[in-house]
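Colleague: Those letters in the sequence shown? Residues 7 to 362, per my numbering, in order.
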Amino acid sequence: MAENNLEQSKNAIGKFAIEGNLLDVRPYGEGHINTTYLITTDRKRYILQKMNTRVFPDSDGLMRNVCGVTEYLRAHDMETLRVVPTRKGDSYWKGDGCWRVYDFIEDTVSYQKAESQDIFAESGRAFGEFMKFLDGYDAEKLTETIPDFHNTPKRFADFKAALQADVCQRRAECEREVSYFLDHAEDYGKIVKALQDGSVPLRVTHNDTKLNNILMDAQTGKARAIIDFDTIMPGSMLYDFGDSIRFGASTAVEDERDLSKVHFSPELFRAYANGFLGEMRDCITPREAELLPYGAWLMTAECGMRFLADYLSGDVYFATKYADHNLVRARTQIRLASEMEAKEEEMHRIVSEILK
Ligand code: ADP
Ligand code: GN1
Ligand code: MG
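#1: DSSP on Gln202, reduced to helix/strand/coil?
#2: Out of Val61, Arg80, His269 and Leu29, point me to the one whose CA is closest to Thr403's CA.
#3: Tell me whether the beta-carbon of Arg373 lies closer than 9 Å to the beta-carbon of Tyr317.
#4: Is it the case that the region 171-190 contacts the region 209-218, given that we only count it when at least three CB pairs across the two stretches are under 8 Å?
#5: Beta carbon of Phe155: closer than 8 Å to some heavy atom of the ligand ADP?
#6: Only counting runs of 4 or more residues, tell me where the alpha helix (DSSP H) segments fall wholly within the region 262-292, in order along the chain.
#7: Specify the secondary structure class of Tyr317 as computed by DSSP and reduced to three states.
#8: Using CA atoms only, rank isn't needed, just tell me which of Val198, Thr47 and His38 is closest to Leu29.
#9: Check whether the Cβ of Asp249 lies closer than 8 Å to any heavy atom of the ligand NAD, and answer yes or no.
#10: Inspect the beta-carbon positions of Tyr186 and Ala302 and report whether they are closer than 9 Å.
#11: Let me confirm a value: Glu192 is counted as buried when at least 16 other C-beta atoms fall within 10 Å, else exposed. Which label applies?
#12: Alpha carbon to alpha carbon, how far is Cys309 from Glu260? Give it in angstroms, no decimals.
#13: Starting from the C-beta of Met7, find all residues in its chain whose C-beta is less than 7 Å away, skip the five residues before and the five after it, and write them out in chain order.
#14: In three-state terms, what does DSSP make of Gly252?
#15: Check whether the Cβ of Ile197 sits closer than 8 Å to any heavy atom of the ligand MG, and report yes or no.
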């Protein structure tokens with residue numbers, strides 16, 4: 007299977023207008039959705055991706071979003087992904103699957119965990135700045151690549167359906183995890199409701215703001231480029247803030263099996279909030295500010311229920327490396343979400359101190 011994929015990827019790379027002779031192709035990165043390869047030629051390096059068409063069926067719409075947003079950012083002198091066209095001039099190639107190529111952004115690092123407060127604060131600054139930039143982008147131009155992406159009540163309904171179906175008969179081994187999500191059944195609707203009643207504004211958001219979707223300069227530690235534009239869509243600032251906290255304000259990686267290492271860190275929360283709100287303080291509304299701690303909890307719970315639903319469904323959505331990978335991920339999210347509940351007041355205090 008792996009061999010076959012490598013063969014497929016070599017075939018795909020020949021369709022793109024890349025410079026030099028191919029020297030090496032190898033799997034790359036820690037993304038859960040697309041299949042990513044690092045391509046080396048005798049001239050330069052590239053990223054090749056087999057796009058996940060099960061998750062993103064509308065490849066045309068998706069690539070229109072990617073091209074539109076990257077052109078817009080480049081026009082504003084922001085370093086960003088460069089889509090390498092096919093030899094025919096298209097933004098992606100459709101053969102055995104859909105494939106795209108980006109220039110490899112050299113001399114950068116993407117972290118699987120916030121290794122210091124400074125790194126995390128810098129990512130907050132960069133995501134805040136990015137959101138401010140996207141404010142000038144016409145939302146009408148965007149295709150909704152995954153409808154209801156952060157509609158948590160809908161995600162909860164999907165979770166319950168997976169639980170009901172229990173196609174792999176895995177429910178019995180995760181009753182404790184299941185009950186965390188069932189016990190919070192009434193808590194998932196606040197942001198969807200606030201967007202509907204207009205008390206929270208709809209903005210153009212990234213929607214997948216985890217720390218490994220930002221590339222930091224290997225020398226200076228400054229953010230160089232935000233990547234993974236597949237889910238740029240209209241949404242709430244609370245999704246982007248919350249998802250960054252979910253992934254980065256943890257003392258461990260997302261798939262740490264030893265839960266004694268997994269804690270929600272208020273210090274990392276403060277670092278990120280400082281960076282993010284430093285950029286957004288002039289445009290954040292009072293209601294958004296009030297909901298930031300809830301957004302962090304909600305994105306963590308939502309991601310946890312998505313991992314658990316996928317575990318129950320037989321690991322059909324997120325890439326996994328071993329049998330209970332999704333269950334391990336769901337457990338870290340539950341641990342973090344529980345600790346956030348206990349530290350909600352502290353999070354509010356931090357936000358107030360930063361915004362005062
Ligand atoms: P997924 O949707 O599967 O998460 P990403 O587009 O986020 O895929 O890519 C996976 C990983 O590959 C990223 O986390 C990053 O480490 C690396 N990566 C992606 N694009 C580039 C690029 N242009 N330059 C350098 N690294 C990249
Ligand atoms: C996926 O594509 P990637 O790995 O950056 C997922 C996010 C989850 C994240 C959990 C399109 O992000 O929604 O929060 O995994 N992306 C999609 O790590 O579902
Ligand atoms: Mg990614």
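Quick reminder that beta carbons are idealized off the backbone N, C-alpha and C, glycines included.
Modeller: On the basis of the coordinates in this document:
#1: In the structure shown, Gln202 sits in a helix (DSSP, three-state: H, G or I).
#2: Within the shown structure, residues of the chain are numbered from 7 to 362, placing residue 403 beyond reach of any answer.
#3: Absent from the model: residue 373. The displayed extent of the chain is 7 to 362, so no value can be given.
#4: The way I'd put it, the region 209-218 doesn't touch the region 171-190; fewer than three beta-carbon pairs between them come closer than 8 Å.
#5: No, Cβ of Phe155 sits at least 8 Å from all heavy atoms of the ligand ADP.
#6: Counting only runs of 4 or more, we get 272-286.
#7: In the displayed model, Tyr317 falls within a helix according to three-state DSSP.
#8: Looking at the Cα atoms, Thr47 is the closest of the given residues.
#9: The ligand NAD is not among the ligands present in this structure, which contains only the ligand ADP, the ligand GN1 and the ligand MG.
#10: The answer is no: Cβ separation not under 9 Å.
#11: Looking at its Cβ environment, which holds fewer than 16 other Cβ atoms inside 10 Å, Glu192 is exposed.
#12: Across the structure, Glu260 and Cys309 are spaced so that their CA atoms are roughly 11 Å apart.
#13: In this prediction, Met7 has a pLDDT of 44, which is less than 50 and means its spatial position is unreliable; what the coordinates show is noted afterwards. Cβ within range, chain order: n/a, list empty.
#14: Position check: residue 252 holds Arg in this sequence, whereas Gly was assumed. Under the three-state reduction of DSSP output, Arg252 falls in the helix class.
#15: A distance criterion of 8 Å places the beta-carbon of Ile197 beyond contact range of the ligand MG, judged by its closest non-hydrogen atom.
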